[in-house]
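Note that my numbering has the sequence shown beginning at 9, numbered continuously upward. By construction, the Cβ of each residue, glycine as well, lies at the ideal position given by its N, Cα and C atoms. Bear in mind the structure is a predicted one, so any value in this text is a computation, not a measurement. The structure under discussion appears below in the form of C-alpha cells.
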Amino acid sequence: MGEKTLTRMDLSEAVFREVGLSRNESSQLVESMLEHMSDALVRGEQVKISSFGTFTVREKSARVGRNPKTGEEVPIQPRRVLTFRPSHLMKDRVAAGNKS
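Okay, here's the thing in C-alpha cells:
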C-alpha cells in the first residue's frame with residue numbers, strides 16, 4: 009500500500025489547477041482556511057465539513073494511569089484533545105476504496 013501523504017502544497021496545487029487562482033493566491037487560500045479551522049478549534053468550537061467529517065476538542069479530566077512496565081500509578085493531568093469523526097459518506101467512500 010502506497011504511503012502517500014497529502015500536504016498543504018498538494019492542496020494549493022489542486023486549488024491552482026481546479027479553481028484557476030494563481031499559485032500564490034491558492035497557497036494563501038489554503039493557509040487561510042487552515043488558520044480559520046485551527047482558530048475555531050482553539051476556541052473550543054466544532055469544525056463541521058459537510059460530507060467529510062467533524063473536528064471537535066474534548067476536555068479530558070485528570071485520572072490515575074499505570075506505568076505498564078513497573079505497575080506504578082502515575083497521575084495523568086487534565087488536557088484538551090482533538091478528535092475527528094468522519095461522516096457516513098466519508099466512511100463509505102474510504103471503505104469502497106479498500107475493495108479495489
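Taking a cut-off of 8 Å for Cβ pairs, the stretch 19 to 36 and the stretch 45 to 63 do not touch, as fewer than three such pairs fall below it. Excluding the 5 residues flanking it on each side, G73 has same chain C-beta neighbours closer than 7 Å at V82, I84, in chain order.
The beta carbon of E80 sits closer than 8 Å to those of R74, all from its chain and outside the five residues before and after it, given in chain order. Residues Q54, V55, K56, F92, R93, S95 of the same chain have their beta carbon placed closer than 8 Å to that of T62, with the five preceding and five following residues left out of the count. R16 sits close to L42, with the two beta carbons spaced by under 9 Å. Going by DSSP, E81 is part of the beta strand (DSSP E) stretching over 81 to 84.
Here DSSP, grouped into helix, strand and coil, assigns R51 to coil.
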